[in-house]
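In the numbering used here, the protein residues as written are 2 to 260.
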C-alpha cells in the first residue's frame with residue numbers, strides 16, 4: 002500500500018528539494034553503474050539522479066508511486082512507471098523487462114512502510130549475482146525537525162499519527178531484514194549528514210511533509226504559518242550566515258543476490 006504521507010509536487014521538489022539528487026554521489030558510487038547493464042531505480046522521483054545512471058551507459062527503468070513525479074521523469078526521457086514497490090508485479094515485470102543486473106534507490110526506501118515486501122520484491126527482480134545499492138534515511142534521521150513539527154501540530158490541536166509514517170532503521174535492523182530476504186554481503190552504515198536547506202526549514206516542511214500535513218488535516222491557509230513556527234523552534238539548526246541545515250542521518254548500503 003502506498004504511504005499516503007508520501008505526496009509530492011515536482012515543482013516544489015525542484016525548488017526546495019534539489020539537494021536530494023545533488024547529494025547522491027555516494028549512493029551512485031556504491032551502485033557503480035556499468036555500460037550495457039539493465040538497472041532498476043526504485044523511487045526514481047523526477048529522474049534527476051536516474052539520468053546519471055543513463056549517462057553511465059546503462060539502460061534504466063524507473064519506478065515511483067507518485068504519478069506526477071513519474072511524469073516529470075518521463076519528461077527527461079526516463080523509462081519511468083507508476084508502481085508500488087511494496088507490491089511489485091514480478092511476473093509481469095520479468096516478462097516485460099527481464100531480470101535486472103542491479104537495483105538502485107536513493108532517499109525513497111524510508112517512505113515504504115512494508116520493508117519486508119520491498120526487500121522480497123527487489124531480491125526477486127535481480128539476476129543471480131545482481132547487486133542492490135543506495136541510500137535512505139536511517140535511525141535518528143531528522144529527529145529535531147520531526148519533534149518540532151509534532152509539537153507544533155499538537156499545540157495547535159491537530160491529530161497526529163502515533164508514529165511518523167517513515168521507516169528509519171538502524172544498521173542491525175536493516176541488515177537483518179535484507180539477509181532474511183536472501184541477500185549476502187550486506188554492508189550498511191549510518192552517516193550524520195547535516196544538510197543545507199535552500200528554502201529553510203519552512204520550505205522543507207511544505208515540500209517534504211505535505212502528505213503528513215494532509216494526514217493531520219491541516220488546512221492550506223494555515224500551512225505557511227505552521228512551517229514558519231516550526232522553523233522558529235529550531236534556532237540551533239540556523240547557521241552563522243542565516244541559512245538552515247537539516248539534521249539528516251543517512252543509511253548507505255550495498256549487497257548482492259547469491260549466484
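Beta carbons: idealized from backbone N, C-alpha and C, even for Gly.
Distance check for residue j and residue i, CA to CA, integer angstroms please.
{"i": "residue 198", "j": "residue 187", "result": "31 Å"}
{"i": "residue 137", "j": "residue 230", "result": "27 Å"}
{"i": "residue 150", "j": "residue 81", "result": "33 Å"}
{"i": "residue 235", "j": "residue 227", "result": "13 Å"}
{"i": "residue 144", "j": "residue 212", "result": "18 Å"}
{"i": "residue 114", "j": "residue 168", "result": "6 Å"}
{"i": "residue 54", "j": "residue 141", "result": "29 Å"}
{"i": "residue 233", "j": "residue 202", "result": "9 Å"}
{"i": "residue 135", "j": "residue 237", "result": "30 Å"}
{"i": "residue 219", "j": "residue 164", "result": "17 Å"}
{"i": "residue 18", "j": "residue 37", "result": "Bear in mind that the predicted position of residue 18 carries a pLDDT of just 46, short of 50, making it unreliable; the figure below should be weighed with that in mind. Looking at the two C-alpha atoms, the distance is approximately 30 Å."}
{"i": "residue 204", "j": "residue 221", "result": "14 Å"}
{"i": "residue 5", "j": "residue 58", "result": "Residue placement at residue 5 is flagged as unreliable, the pLDDT there being 49, under the threshold of 50; the coordinate-derived value follows with that caveat. Taking the straight line from one Cα to the other gives about 35 Å."}
{"i": "residue 160", "j": "residue 56", "result": "45 Å"}
{"i": "residue 102", "j": "residue 223", "result": "47 Å"}
{"i": "residue 52", "j": "residue 77", "result": "8 Å"}
{"i": "residue 1", "j": "residue 104", "result": "Nothing about residue 1 can be reported from this structure: the residues present for the chain run from 2 to 260 only."}
{"i": "residue 253", "j": "residue 117", "result": "18 Å"}
{"i": "residue 29", "j": "residue 35", "result": "11 Å"}
{"i": "residue 26", "j": "residue 33", "result": "10 Å"}
{"i": "residue 180", "j": "residue 170", "result": "14 Å"}
{"i": "residue 1", "j": "residue 69", "result": "One cannot answer for residue 1 here, as it falls past the ends of the chain, which runs 2 to 260."}
{"i": "residue 14", "j": "residue 139", "result": "Confidence is the limiting factor: at residue 14 the pLDDT is only 49, short of 50, which leaves the residue's position unreliable and the question unanswerable from this model."}
{"i": "residue 16", "j": "residue 243", "result": "Note that residue 16 scores 48 on pLDDT, short of 50, meaning its location in the model is unreliable and no value can be drawn from it."}
{"i": "residue 63", "j": "residue 88", "result": "15 Å"}
{"i": "residue 208", "j": "residue 166", "result": "15 Å"}
{"i": "residue 245", "j": "residue 61", "result": "35 Å"}
{"i": "residue 177", "j": "residue 85", "result": "23 Å"}
{"i": "residue 152", "j": "residue 225", "result": "16 Å"}
{"i": "residue 162", "j": "residue 31", "result": "34 Å"}
Give the single residue among the options whose Cα lies nearest to the Cα of residue i.
{"i": "residue 79", "options": "44, 112, 30 and 193", "result": "44"}
{"i": "residue 247", "options": "50, 194, 119 and 218", "result": "194"}
{"i": "residue 260", "options": "177, 130 and 184", "result": "130"}
{"i": "residue 72", "options": "62, 209 and 47", "result": "47"}
{"i": "residue 154", "options": "216, 179, 209 and 183", "result": "216"}
{"i": "residue 148", "options": "210, 170 and 243", "result": "210"}
{"i": "residue 74", "options": "152, 49 and 177", "result": "49"}
{"i": "residue 239", "options": "207, 172, 146 and 156", "result": "146"}
{"i": "residue 173", "options": "166, 189 and 88", "result": "189"}
{"i": "residue 157", "options": "63, 85, 214 and 31", "result": "214"}
Can you check DSSP and say which residues form a bridge with residue i?
{"i": "residue 142", "result": "Answer by DSSP bridge pairing: none, since residue 142 is not bridged."}
{"i": "residue 188", "result": "255"}
{"i": "residue 136", "result": "107 and 253"}
{"i": "residue 82", "result": "64"}
{"i": "residue 127", "result": "101"}
Consider the Cβ of residue i: report whether some Cβ of chain D lies at a distance smaller than 8 Å.
{"i": "residue 132", "result": "Looking for chain D here will not work: only one protein chain is present."}
Report back the beta-carbon spacing between residue i and residue j to the nearest angstrom; my notes put them in contact at under 8 Å.
{"i": "residue 39", "j": "residue 99", "result": "7 Å"}
{"i": "residue 132", "j": "residue 255", "result": "7 Å"}
{"i": "residue 119", "j": "residue 191", "result": "That pair is no contact at about 19 Å."}
{"i": "residue 257", "j": "residue 175", "result": "That belief does not hold up - the Cβ atoms of residue 257 and residue 175 are roughly 15 Å apart, past 8 Å."}
{"i": "residue 121", "j": "residue 67", "result": "Residue 121 to residue 67, Cβ: 22 Å. No contact."}
- Taking three-plus beta-carbon pairs below 8 Å as touching, is the segment 117 to 134 in contact with the segment 198 to 213? no
- Task: For the segment 42 to 61 and the segment 101 to 115, state whether three or more C-beta atom pairs, one from each stretch, are separated by less than 8 Å.
- Result: yes
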